[in-house]
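Add 18 to the 1-based position in the sequence shown for my numbering, that's all there is to it.
Beta carbons: idealized from backbone N, C-alpha and C, even for Gly.
Fair warning: this is a prediction, and the values are worked out from it, not measured in the lab.
A quick write-up on the structure given underneath.
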Amino acid sequence: MKGAMREGDYGLIVITPDFDNFTTKLIAADEYSKYLTETPILEGVANREYYGRSATSIENKSTIEYGTEQK
19 MKGAMREGDY GLIVITPDFD NFTTKLIAAD EYSKYLTETP ILEGVANREY
69 YGRSATSIEN KSTIEYGTEQ K
């Protein structure tokens, strides 16, 4: 089909902070495409360079399953 959009069976959505550049990055990808955008964070916050030092990682990861309700 000309112009038809494809739907991937597997995909990935990642949101990650980039404290060095004071942005968050959103990445959405599947077998056919990849989308990346950056959003500024901590604009106008005094001493924002210290927030990166207190950042932590997420220990619990959730699997997203197509066609199911997420909890």
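Pair within 7 Å by beta-carbon distance, residue 41 and residue 56: yes
Rounded separation between residue 38 and residue 77 - CA only: 22 Å
Helix, strand or coil at residue 19 [DSSP, three-state]: Residue confidence is low: residue 19 scores 45 on pLDDT, short of 50, so the model does not pin down where it sits. Its coordinate-derived value is still stated next. DSSP places residue 19 in coil when its eight states are reduced to three.
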